[in-house]
Every structure is written in structure tokens, then in C-alpha cells.
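In my numbering, the protein residues as written are 4 to 294.
In C-alpha cells, the structure reads:
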């Protein structure tokens with residue numbers, strides 16, 4: 004049983020992303036661009052701008068990681084095969100007669116298959132970013148986490164800058180202020196694989212790749228079937244926030260409660276004084292009458 008599991012995870016870790024998984028990644032990324040308001044009309048009016056936006060969606064993670072490592076940001080153009088493949092997918096999605104590609108993509112099984120394959124590429128990108136960062140900064144785990152996260156989810160941040168240049172940017176869509184679920188889960192994966200790479204996690208890389216990818220694909224398909232924007236991580240975030248940043252808030256609440264108790268005791272004593280004074284006056288009147 005153990006040997007069959009090892010064979011399965013090893014075979015999975017050696018799976019090539021080109022061309023089928025890369026095609027799925029480009030397909031999902033360009034379809035997300037097409038679903039933006041005015042994207043189709045903009046492609047007909049300015050095809051080059053639409054093509055450049057599509058390339059940012061497809062290769063944004065690599066561009067951001069190059070910027071962080073002070074490498075040429077347009078290095079992805081050196082891979083002519085992938086650029087031509089992504090450009091071909093952009094062209095047939097936006098300019099296919101009768102919009103056949105979009106109609107075929109509208110079927111839920113096709114969307115589930117493409118989205119699941121795209122999540123597989125996310126694992127490979129995270130690992131590629133961590134390995135690439137380690138070649139520059141040996142065991143520099145902060146840099147490895149940052150580059151792994153940028154490689155896996157940097158396309159979302161790059162497209163935010165693209166929206167800012169076009170005037171379509173909105174504050175609620177800022178990934179730095181409000182991280183989306185893909186950014187959060189990619190950051191989690193970058194942390195896990197960095198700790199594994201630096202030998203802080205005693206688990207083999209191929210087993211971790213398989214388990215993390217299964218988690219990504221399962222959650223993505225669940226989100227699409229249930230039509231939810233994200234699988235909530237609020238309970239875990241709340242627990243972590245209370246553990247790391249909740250002490251000051253806890254002490255301030257205790258101080259407020261203690262202050263409220265002391266103030267209530269003070270008002271109680273002030274109220275009791277006139278009552279005792281009143282009872283003394285009654286006693287004095289009663290004694291005068293008896294005299």
C-alpha cells in the first residue's frame with residue numbers, strides 16, 4: 004500500500020504542465036478577462052491593449068517575481084512557445100466566429116475541468132518560485148515565501164496595476180488591503196513548501212505536492228458547484244488573530260470592565276448616604292414626639 008502511494012505521488016510530481024495544463028491556465032485567465040465589462044468592445048477597438056492585458060493575466064506571476072528579484076520583467080517573452088500558445092487562446096476566445104469557444108466554455112463540466120487543471124499549475128508555480136528564490140538567496144525563507152506567493156498569485160496583483168492604468172481600479176479590489184481567497188491559499192502554500200524546503204517539515208515534497216493540490220482542486224470545484232465566491236477561512240483567521248494580536252484588546256476590555264465596576268460601586272455608596280441620612284432624620288423626629 005505504501006509503495007503504491009509513493010508511486011502515485013511521485014508520478015504526479017513529475018507530471019509536465021505543458022501543454023494541457025498550461026492551456027487550461029491560459030483559457031481560465033483569458034475567460035476571466037473577457038467577462039469584464041467592456042472587454043469585448045475594447046478588444047475590437049484596441050486589439051493590442053486587449054492582448055497585453057491577456058498576457059498580464061497569463062504571465063502576471065512570473066512578471067511580479069522577476070520584478071521582486073530585480074530581473075527583466077519581460078523575460079517571459081523569451082519562451083516563444085508559451086507566448087504563442089497564450090496569444091492563440093486569446094485570439095480564438097475574443098475573435099472566434101459565432102463565439103463558439105465561449106459557448107463551449109459555458110458548460111459547467113468544461114469549467115470544472117479547466118479550473119481544476121489551473122489549480123494544479125498553481126502548485127507547480129509556487130514550487131518553481133521557491134526554488135528560483137533559493138538559487139539567489141540560499142535558505143532565505145522570507146524571500147522564498149514572497150517569491151513563491153508572487154509566482155502563484157502575482158497575476159491578481161499585476162492586473163490590479165493594469166486596471167489602475169486603465170482607470171478601472173476600485174479600492175475594494177486592492178489585493179494588498181483585502182486579499183482574495185486565491186491569494187490567501189497561495190500564501191499558505193508558499194509557507195508550507197518553504198518550510199518543507201528548509202527541512203522544517205518532515206514530509207517529502209512529492210507527498211506534499213499531491214496533498215496540497217488535492218486541497219486546491221477540491222475547494223475550487225466546491226466553490227464553483229455551490230456558487231460561492233470563496234471557501235471561508237474566517238474561523239481560522241479569527242483564532243490566529245486572537246492568538247497573535249488579541250492580547251492588547253483583551254487587556255483593554257478587562258480595564259473597561261474594572262472601571263465600570265468601580266464606577267458602579269462609587270454610585271452605590273453615594274446613593275446609600277442619603278438613605279442613611281433620611282433614616283437619621285426620621286429617628287430625630289420620632290424622639291422629639293416622644294419627648
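For each residue, glycine too, the CB sits at the ideal point set by N, CA and C. All values derive from a computational prediction rather than experimental measurement.
- Contact check, residue 65 vs residue 166, beta carbons under 8 Å: If you check the CB distance, residue 65 and residue 166 do not come in under 8 Å.
- Task: Rounded to whole angstroms, what's the CA-CA distance from residue 25 to residue 59? Just pull it up for me.
- Result: Inter-residue distance for residue 25 and residue 59 is about 15 Å (C-alpha atoms, whole angstroms).
- Query: Which word fits residue 23, buried or exposed, when buried means at least 16 other C-beta atoms lie within 10 angstroms of its C-beta?
  - Reply: Exposed, since its Cβ has fewer than 16 Cβ neighbours within 10 Å.
- Between the CA atoms of residue 52 and residue 91 - distance to the nearest angstrom: Approximately 15 Å between the Cα atoms of the pair.
- Item | DSSP three-state assignment for residue 249, whether helix, strand or coil | The three-state reading of DSSP puts residue 249 in coil, since its state is none of H, G, I, E or B.
- Message: Beta-carbon within less than 7 Å of residue 272's beta-carbon, same chain only, minus the 5 sequence neighbours each way: which residues are those?
- Response: Unreliable placement is indicated for residue 272, whose pLDDT of 46 sits below 50; no coordinate value is reported for it.
- Quick one: any contact between the segment 105-117 and the segment 139-151, if contact means 3 or more CB pairs under 8 Å? Flag = no, the segment 105-117 and the segment 139-151 do not touch.
- Message: Given a cut-off of 8 Å on the beta-carbon distance, is the pair residue 1 and residue 108 in contact?
- Response: Residue coverage of the chain in this structure runs from 4 to 294, which leaves residue 1 outside it and unanswerable.
- Item | Counted within 10 angstroms of its Cβ, other Cβ atoms place residue 196 as buried (16 or more) or exposed | By the C-beta density criterion, residue 196 is buried, having at least 16 other C-beta atoms within 10 angstroms.
- Message: Quick check on residue 93: buried or exposed, where buried means 16 or more other Cβ atoms within 10 Å of its Cβ?
- Response: When all chains shown are included, residue 93 counts as buried.
- Query: Does the beta-carbon of residue 232 have 16 or more other beta-carbons within 10 angstroms, so that it is buried, or is it exposed?
  - Reply: Exposed.
- Item | Distance cut-off 7 Å: residue 12 Cβ against heavy atoms of the ligand ADP | No copy of the ligand ADP occurs in the structure displayed, which carries no ligand at all.
- Task: Would you check if the distance between the CB atom of residue 69 and the CB atom of residue 29 is smaller than 8 Å?
- Result: No, the Cβ-Cβ distance between residue 69 and residue 29 is not below 8 Å.
- Only counting runs of 4 or more residues, tell me where the alpha helix (DSSP H) segments fall wholly within the segment 12-47, in order along the chain. Complete alpha helix (DSSP H) runs here, min 4: 23-37.
- Query: Roughly how many whole angstroms lie between the Cα atoms of residue 86 and residue 144?
  - Reply: Our two residues, residue 86 and residue 144, have alpha carbons roughly 31 Å apart in a direct line.
- Message: Rounded to whole angstroms, what is the Cα-Cα separation between residue 134 and residue 82?
- Response: Looking at the two C-alpha atoms, the distance is approximately 19 Å.
- Assigned secondary structure, residue 9 (DSSP; H/G/I helix, E/B strand, else coil): Helix.
- For residue 272, three-class secondary structure by DSSP: Low confidence applies to residue 272: its pLDDT is 46, below 50, so where it sits in the model is not reliable enough to give any reading.
- Return helix, strand or coil for residue 181, following the three-state DSSP convention. When DSSP states are grouped into helix, strand and coil, residue 181 belongs to the coil group.
- Simplified DSSP assignment, three categories, for residue 165: Residue 165: helix per DSSP, three-state reduction.
- Message: So for residue 145, helix, strand or coil by DSSP?
- Response: Here DSSP, grouped into helix, strand and coil, assigns residue 145 to helix.
- Contact set for residue 98: own chain, Cβ-Cβ below 8 Å, skip 5 residues either direction: Hits under 8 Å: 46.
- How about residue 112 and residue 156: do their beta carbons lie closer than 8 Å? For residue 112 and residue 156, no; Cβs fall outside 8 Å.
- Message: Please report the straight-line C-alpha distance between residue 19 and residue 123, rounded to a whole angstrom.
- Response: Distance between the alpha carbons of residue 19 and residue 123: 11 Å.
- Compare the Cα-Cα distances from residue 55 to each of 211, 190, 79 and 21 and report the closest residue. The shortest C-alpha separation from residue 55 is found at 79.
- Query: Going by the beta-carbon positions, is the gap between residue 16 and residue 200 smaller than 8 Å?
  - Reply: Between residue 16 and residue 200, the C-beta spacing is not below 8 Å.
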